[in-house]
Amino acid sequence: MNKNDEVPKQIVAELVRSFEEALGILAAAVARSGDAEKFRSALHQQITSAASSGLAAPLTVRLATSALAAVDAVRLEGQSDDQGKRSH
Numbered sequence: 001m002n003k004n005d006e007v008p009k010q011i012v013a014e015l016v017r018s019f020e021e022a023l024g025i026l027a028a029a030v031a032r033s034g035d036a037e038k039f040r041s042a043l044h045q046q047i048t049s050a051a052s053s054g055l056a057a058p059l060t061v062r063l064a065t066s067a068l069a070a071v072d073a074v075r076l077e078g079q080s081d082d083q084g085k086r087s088h
């Protein structure tokens, strides 16, 4: 494999990573602005349906799953905050 083959692969990898991060930021913001638990449940259901139907490309499912991970992080952050408030 020569250097010219690596450049497109690096560009695609960077684009995918950027989309994952952007979706994560958006999903976290939505989760923080409303009911993170309901949003997580709905997003999980959508991902499961899309993946099982075969209508969504694997990359689509991967990107949406990255967003779901961001929502899970917000939920855990909220649970941690709630536990800290209860212990004081």
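Using this note's numbering, you'd call the opening residue of the sequence shown number 1 and step up by one each time.
In this text, a Cβ means the ideal position worked out from N, Cα and C, and glycines have one as well.
No experiment lies behind these values; they were computed from the predicted model shown.
I'd like to confirm something about residue 28: is its beta-carbon nearer than 8 Å to some heavy atom of the ligand MN, or not?
Only the bare structure without any ligand can be found here, which leaves the ligand MN out of the picture.
Using the C-alpha atoms, what's the distance from residue 44 back to residue 50?
Counting from 1 along the sequence shown, the entry for residue 50 is found at position 50. Counting from 1 along the sequence shown, the entry for residue 44 is found at position 44. For the pair residue 50 and residue 44, the Cα-to-Cα distance works out to about 10 Å.
How many Å lie between residue 68 and residue 4 at the Cα?
Position 68 of the sequence shown, counting from 1, holds the residue named residue 68. Position 4 of the sequence shown, counting from 1, holds the residue named residue 4. Between residue 68 and residue 4, the C-alpha separation is close to 35 Å.
Can you tell which of 21, 32, 48, 55 has the C-alpha that lies nearest to the C-alpha of residue 90?
No information on residue 90 is available, as it lies outside the stretch 1 to 88 that the chain covers here.
When DSSP labels each residue in this structure, what does residue 4 get in the three-state scheme?
Your numbering for residue 4 matches position 4 in the sequence shown. Helix.
Whole alpha helix (DSSP H) elements within the region 23–77, 4-residue minimum:
Taking only runs of at least 4 residues, the alpha helix (DSSP H) segments lying wholly in the region 23–77 are 36–53.
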